[in-house]
Structures are given as structure tokens and as C-alpha cells.
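In my numbering, the protein residues as written are 1 to 266. Notes follow once the structure below has been shown.
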């Protein structure tokens, strides 16, 4: 019960179509298992409510909320809803992001519309969610924010908007940590590597007209640790640590969860 009596907002608590569990859903389930009351936020309310049901079926506490991260007013409403339900906000977890699904492409192929869409979803949404939750956490003199970037930020990655926005996420989180440390508010960022999630695997299978097994094999072969991708649970466990009081003296940190990809050489 590492999050006992804490209130958490998980943005992106639903998931993309496909096999297995996504990072956002896994994190919401993990937070609830560890005692948090969780507001499961997603633009697809039905998907968010599926996560809520998984939590409540396990005797946890959760509510669903619909918000499109490209709408700052809806993110403001999200924060107000968490306060209305439980009176405080201890954790904000930002897990929304798109690449190929948002029209991302290589430099010579990307359109203005696709680039703007990815920026609005991947970066602006996180910044605006933080904008609305920070005043609450400052008043409380406590809070933990965990943002999800990607190993794409610091390794070779062919698609422009995802790499640019996920790189910016690191810089923003560092700024957030520094400017709010005096208020007792922590902010850290996780860099998932190659993960076996619906967004990462099933989206690529559909886009490139390959089987899921083919995409899995190609991605597994690139992972140094055991030659297997990570799972959403690996990201959720890292987020749990950073959100918990065990990480009480940790802020401004960039944490790769990547099976050793970031230290691979040659």
C-alpha cells in the first residue's frame, strides 16, 4: 500500500486497440492496487471506464473522466473533478502520446497538420495538465508529477514529431522540477524503451501491414536485456516508485526503462 490515502490522476488511462495492456492502464491499475484513489482520464470514456471496472472489481477506488488533452478547458475540469471527488491531488501521471497514429512521418513526408496534432497531444497536453494541477499541489506543499517521454528522445528514431516532442518533455520536466521544488512538489520523467503494448506493436502492425508476431520479433531482437521487449507493468512499476514517498528526495530525474538500450554501444 505504497500510495495509501493518496489521490492520483492518470491521463491516458484507457488504451489503443490491440493485445495486452497499455502503459496508462497498467499504471492506473498499479496505483489503485497500492492504495490510491484514481481518476482515470481518457478522451475515450468507454476505455477509461473499462480501466475503472478493473480497479473496482479488485476492490480499489476509481472514477472515469473524459478529457481531450488538446483542450485546456477539459484538463482544467479534470483537476476540478479530482478535487470535488477527493479534496486533494497527490499524483499527476501524464501518459498520452502519439506517433504513427497521429500522422507522424519522416522529415520530407510530414505535413503541417500531422506535426501540429502530435505537438498538441504529446507536449502541449502535458504542459497544460501541469499548469492546472500545480496550483493545487503548491497549496498542499506536496505532490508528485510523473511524465512519460520515450527512449526515442535520446536514440535514433525516424519520425520527426514524436522525437521532437518527447525530447521537449524531458526539458519541460526538468524546468517543472526546479521551479516547484520549494513548494515540495516533485517532477520526474520516464523514458520507456521498446515496449510490448497495443500502441507500440499493434499500431505498427496495422500501419506496415505486418502480423503482430513479425513486429514483436523485430522489436525483441533490438533489446539487449534477454532479447525481449518490456511490458506496461515495467513502466507502471517505475511510475509507482517515482510517485511514492520512497522517491521523496528524487526530482528532475530522467529514468530510462529500456532493457539496456541506452547503454548499448557499437
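For glycine and all other residues, C-beta sits at the position ideal for the given N, C-alpha and C.
Taking buried to mean at least 16 other C-beta atoms within 10 Å of its own C-beta, is residue 158 buried or exposed?
Around the C-beta of residue 158, fewer than 16 other C-beta atoms lie within 10 Å, and the residue is accordingly described as exposed.
If you scan the region 138-189 from start to end, which runs of the beta strand (DSSP E) of 3 or more residues do you find wholly inside it?
143-148
As an exercise, report each continuous beta strand (DSSP E) stretch of at least 3 residues that is fully enclosed by the region 51-101, in chain order.
61-66 and 91-94
Quickly, what does DSSP pair residue 134 with across the bridge? List them, please.
Per DSSP, none; premise fails for residue 134.
Less than 8 Å between the beta carbons of residue 10 and residue 38, yes or no?
yes
Specify, as a first and last residue, the run of the alpha helix (DSSP H) that residue 107 falls within.
Unbroken run through residue 107: none, as it is neither H nor E.
Going along the chain, which residues of its own chain have a beta-carbon closer than 6 Å to the beta-carbon of residue 18, five neighbours each way excluded?
Contacts found: 198 and 202.
C-alpha gap between residue 151 and residue 232, whole angstroms:
15 Å
In chain order, what residues of the same chain have a beta carbon less than 6 Å from the beta carbon of residue 174, not counting five sequence neighbours either side?
252
Who pairs with residue 118 in a beta bridge, going by DSSP?
Answer by DSSP bridge pairing: none, since residue 118 is not bridged.
8 Å CB neighbourhood of residue 133 in its chain, flanking five on each side removed
Counting only Cβ-Cβ distances below 8 Å, and skipping sequence neighbours, we find 9, 79, 89, 92, 143 and 145.
Is residue 162 buried or exposed, if buried means 16 or more other CB atoms sit within 10 Å of its CB?
buried
Please report how far the alpha carbon of residue 53 lies from the alpha carbon of residue 47, in whole angstroms.
10 Å
Under 8 Å by Cβ, that's how I've got residue 236 and residue 26 pegged, so tell me the actual separation to the nearest angstrom.
Correct: roughly 4 Å between the Cβ atoms.
With a CB to CB cut of under 7 Å and the five nearest residues on each side skipped, what residues in its chain are close to residue 140?
88
Do you know how far the Cα of residue 255 is from the Cα of residue 83?
29 Å
My output table needs one value for residue 27: the three-state DSSP class, helix, strand or coil.
Three-state DSSP puts residue 27 in a helix.
Contact set for residue 35: own chain, Cβ-Cβ below 6 Å, skip 5 residues either direction:
Only 1, 3 and 4 meet the Cβ criterion.
Closest to residue 249 by CA distance: which of 182, 108, 115 and 169 is it?
182
Taking Cβ positions only, does residue 140 come closer than 8 Å to chain C?
Absent from the structure: chain C. Only one protein chain is present.
Please report the Cβ distance between residue 23 and residue 148, rounded to the nearest whole angstrom; I am assuming they are in contact, meaning their Cβ atoms lie under 8 Å.
7 Å
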